[in-house]
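Visitor: Residue numbers (this note's numbering): 225 to 476. All C-beta atoms in this analysis are idealised placements derived from N, C-alpha and C, irrespective of residue type, glycine included. Please read all numbers here as calculations on a predicted model, not as lab measurements. I have a structure here, written as C-alpha cells, and I will follow up with some questions on it.
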C-alpha cells in the first residue's frame, strides 16, 4: 500500500475544505456555523501554494504553467467584476465601488500567478540569469501582491517554501515561525471587545501552520494525471465562488 498522499489527493482535500470555508464566509449561514471553520481551513491556500511550487520544479513548461494561471486569473477577474457590477456592490457608506469590492471577493489564481512569477525570478537570480531584469520584475510582483487575495500573507510563505525547497526541516520551521509570528500579532491586538476564541477565529491567518502536517504527508508523487485532474481546480474554484456569491446577493 502506497504511503502518504500524492499531489492529487492533497488537492482534493484542499478543495473540500476550501468549499467548506467559502460556504461559511459567503452564505448567510455565517452566524449559524461554528467560528472555528474559518480557522481550521487556513491551511488551504498555503497547501495550494506548496503544490504549485512543487509543480514549478516538475513541470515540463514553466511558461505554459504561468500562462495557465494568468488566464485563469483574468477569467476569474472578469467574472467577479461582471457579478459585482450587476448587483451594484458598492460601499454602503460612500455609494462608490472600491478595488476589492469590484474585483473580489476571491481570486487565488491571481495570487498564485504572481507568486509563480516571483519564484521564477528568484530562481533565475539564484542561477545568475539576467539578474537586473529579474530583480525588476520581482520588485513589480512584490508591489502587486497586496492587491491580490491573501498576497501579503502568502508572499513570505512562498519565499520560505522556495528557499528551503531542498531542506524540508527548515521549511517546516520557517512556516511554523511565521505562523507563530502571526499568532503573536493576533494576541497582541486582542482588545477584549469579543471573546479570545472569537478573536483567534477571526484574525486567523496564523492558522496557516496547519499546512505542515499535510506537507509531511506528501509523498512527492503527482498522482492521478488526466485532463480532469489537471483542470479540476481551474473549473471548480470560479464556479463555486460565483454560485455562492450570487446566492448571497439574491438572499440579501
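Can you tell me whether residue 442 is helix, strand or coil according to DSSP?
Guide: Here the question's residue 442 lines up with position 218 in the chain shown. Looking at residue 442 - three-state DSSP - the assignment turns out to be strand.
Visitor: Going by beta-carbon coordinates alone, are residue 428 and residue 262 separated by less than 8 angstroms?
Guide: Residue mapping note: residue 428 aligns to position 204 of the chain shown, counting from 1. Residue mapping note: residue 262 aligns to position 38 of the chain shown, counting from 1. In this structure, residue 262 lies closer than 8 angstroms to residue 428 by Cβ.
Visitor: Whose C-alpha, out of 264, 228 and 256, is nearest the C-alpha of residue 241?
Guide: On the chain shown, position 17 is the one that residue 241 refers to. Of 264, 228 and 256, the residue nearest in Cα terms is 264.
Visitor: Please state the DSSP three-state secondary structure of residue 229.
Guide: As a working note, residue 229 is residue 5 in the chain shown. If DSSP states are grouped into helix, strand and coil, residue 229 belongs with the strands.
Visitor: What are the start and end residues of each continuous alpha helix (DSSP H) run of 4 or more residues lying completely inside the stretch 347–400, in chain order?
Guide: You should have 355–368 and 375–387.
Visitor: Can you tell me whether residue 395 is buried or exposed, with buried defined as 16 or more other CB within 10 angstroms of its CB?
Guide: Looking up residue 395 in the chain shown gives position 171. Under this definition residue 395 is a buried residue.
Visitor: Given a threshold of 16 other Cβ atoms within 10 Å of its Cβ, counted over all protein chains shown, does residue 332 qualify as buried or as exposed?
Guide: Start at 1 with the first residue of the chain shown, and residue 332 comes out as number 108. By the 10 Å Cβ count, residue 332 comes out buried.
Visitor: Rounded to a whole number of angstroms, what is the C-alpha to C-alpha distance between residue 256 and residue 297?
Guide: As a working mapping, residue 256 is identified with position 32 in the chain shown. As a working mapping, residue 297 is identified with position 73 in the chain shown. Rounded to whole angstroms, residue 256 to residue 297 spans 32 angstroms at the Cα level.
Visitor: Just tell me which of 295, 452, 443 and 330 has its CA closest to the CA of residue 228.
Guide: Along the chain shown, one-based indexing puts residue 228 at 4. Residue 228 has its Cα closest to that of 443, out of 295, 452, 443 and 330.
Visitor: Residue 451 by DSSP, collapsed to three states: which one?
Guide: Looking up residue 451 in the chain shown gives position 227. Three-state result, residue 451: helix.
Visitor: Looking at the C-beta of residue 268, does it have a partner C-beta in chain B at a distance below 8 angstroms?
Guide: Reference to chain B is not applicable here, since this structure consists of a single protein chain.
Visitor: State yes or no: is the C-beta of residue 278 within less than 8 angstroms of the C-beta of residue 231?
Guide: Counting from one through the chain shown, the residue named residue 278 turns up at place 54. Counting from one through the chain shown, the residue named residue 231 turns up at place 7. Yes, these two residues count as a Cβ contact at 8 angstroms.
Visitor: Does DSSP classify residue 304 as helix, strand or coil?
Guide: Counting from one through the chain shown, the residue named residue 304 turns up at place 80. Three-state DSSP puts residue 304 in a helix.
Visitor: In terms of residues, what are the limits of the alpha helix (DSSP H) holding residue 261?
Guide: Mapped onto the chain shown, residue 261 falls at position 37. Start and end: 261–264.
Visitor: Cα separation between residue 311 and residue 323?
Guide: Position 87 of the chain shown, counted from the first residue, corresponds to residue 311. Position 99 of the chain shown, counted from the first residue, corresponds to residue 323. So the two alpha carbons sit approximately 15 angstroms from each other.
Visitor: Spatial neighbours of residue 336 within its chain, please: CB distance less than 6 angstroms, with the 5 preceding and 5 following residues excluded, ordered by chain position.
Guide: Taking the chain shown and counting its residues from 1, one reaches residue 336 at position 112. The answer, listed in chain order, is 276 and 293.
Visitor: Go through its chain and collect everything with a Cβ distance to residue 301's Cβ below 8 angstroms, but skip five positions before and after it.
Guide: Taking the first residue of the chain shown as 1, we reach residue 301 at position 77. Excluding residues within five positions, the ones whose Cβ falls inside 8 angstroms are 327, 331 and 334.
Visitor: Pick helix, strand or coil for residue 403, following the three-state DSSP scheme.
Guide: Residue mapping note: residue 403 aligns to position 179 of the chain shown, counting from 1. The answer is helix: DSSP assigns residue 403 an H, G or I state.
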